[in-house]
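Peer 1: The structure's right below; bear with me while I get my questions together.
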Amino acid sequence: MGDSDEPWLGLVDADGNLRIGLGIKDGKPELELRDSTGKPRAALGMDDGGEAGLVLMDANGDFRGGLGWDDGQPTLSLNHPEGWPRIRMGMDDGQPTLSLGGADRWSRINMTTIDGESSFTLADAEGIRIGLRVVDGRSEIDLFDANGKPRIVGVIRANGESRLGVVDPNGIPIWRAP
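For the sequence shown, our numbering assigns the number 1156 to the initial residue and increments by one for each residue that follows.
The structure is reproduced here in structure tokens:
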């Protein structure tokens, strides 16, 4: 902040350390908060598309979270020290989503509502292992194998009828009730 050709205003603490910067950075307005060592810890500014965003940085100055826009959709992201999202909440194509990431960078828990359908998935390193859905008054649960194929499927229909089934790795039914 504070390139010689862009206007900015800096506020310093009693020791003369820059703590707040307000100005123009790369042609866009920005408010920057710095810690007692002078490292940026938070910034409120605008992206190239004119959307506002808040960025949070750790003591090393690395991005750790933010509130802003991702492909035109509002997003809140809390990140691992290496920079990838551990918690992401936002909108995907206008539909609300929440995703919790594992230590290996893969999303482990996902919740979303899309056009009246609510879904919840649990995953491990191999992929989705459990899927829950509610759609059109019907409740469904699927248990997946390590290859991502549903092996146990349970359904309760809107009229109260229920069904539980088990299939082999090729999708061939091996048991069903009723």
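A virtual CB, placed ideally from N, CA and C, is assigned to each residue, including glycine.
Rounded to whole angstroms, what is the Cα-Cα separation between Trp1224 and Leu1211?
Peer 2: One C-alpha to the other measures close to 14 Å.
Peer 1: Going by the beta-carbon positions, is the gap between Ser1191 and Asp1168 smaller than 9 Å?
Peer 2: In this structure, Asp1168 lies closer than 9 Å to Ser1191 by Cβ.
Peer 1: Which residues share a DSSP beta bridge with Pro1184?
Peer 2: In the DSSP output, where bridge partners are listed per residue, Pro1184 has Ile1179.
Peer 1: Have a look at Arg1306, Glu1187, Gly1271 and flag the residue whose alpha-carbon is nearest the alpha-carbon of Arg1284.
Peer 2: The shortest Cα separation from Arg1284 among Arg1306, Glu1187, Gly1271 belongs to Arg1306.
Peer 1: Tell me the DSSP secondary structure of Thr1192 in three-state form.
Peer 2: Coil, per DSSP.
Peer 1: Pick helix, strand or coil for Asn1314, following the three-state DSSP scheme.
Peer 2: In the structure shown, Asn1314 sits in coil (DSSP, three-state: anything other than H, G, I, E or B).
Peer 1: Give me the residue from Asn1314, Asn1302, Phe1275 with the minimum Cα distance to Arg1293.
Peer 2: When each option's Cα is compared against that of Arg1293, the closest is Asn1314.
Peer 1: Contact defined as beta carbons within less than 8 Å: I believe Gln1250 pairs with Ile1269. What is the distance between those atoms, to the nearest angstrom?
Peer 2: Yes, they are in contact, since the Cβ atoms of Gln1250 and Ile1269 sit about 5 Å apart, within 8 Å.
Peer 1: Can the beta-carbon of Ala1332 be found less than 9 Å from the beta-carbon of Arg1318?
Peer 2: In contact: Ala1332 and Arg1318 (Cβ atoms closer than 9 Å).
Peer 1: Excluding sequence positions up to five away, which residues of its chain have a Cβ less than 8 Å from the Cβ of Glu1185?
Peer 2: Once the five neighbours on either side are set aside, the close Cβ partners of Glu1185 are Met1156, Gly1176, Leu1177, Gly1178, Ile1179, Ala1198, Leu1199, Gly1200, Met1201.
Peer 1: Would you give the residue range spanned by the beta strand (DSSP E) that Asp1297 belongs to?
Peer 2: Unbroken beta strand (DSSP E) run through Asp1297: 1293-1299.
Peer 1: Asp1226 to Gly1208, Cα distance in whole Å?
Peer 2: In a straight line, the C-alpha of Asp1226 is about 13 Å away from that of Gly1208.
Peer 1: Tell me the rounded alpha-carbon separation between Leu1277 and Asp1217.
Peer 2: Taking the straight line joining both Cα atoms gives about 29 Å.
Peer 1: In this structure, does DSSP put Glu1206 in helix, strand or coil?
Peer 2: In the structure shown, Glu1206 sits in coil (DSSP, three-state: anything other than H, G, I, E or B).
Peer 1: When we look at the beta-carbon of Ile1302 and count the other beta-carbons within 10 Å, is it buried (16 or more) or exposed?
Peer 2: Looking at the sequence itself, residue 1302 is Asn, so the reference to Ile does not match. Label assigned to Asn1302: exposed.
Peer 1: Going by CA-CA distance only, name the one from Gly1204, Asp1259, Pro1195 that's closest to Lys1183.
Peer 2: It is Gly1204 whose Cα lies nearest to the Cα of Lys1183.
Peer 1: Would you report the Cα separation of Gly1238 and Asp1259, rounded to the nearest angstrom?
Peer 2: Answer to the nearest angstrom: the Cα atoms are 12 Å apart.
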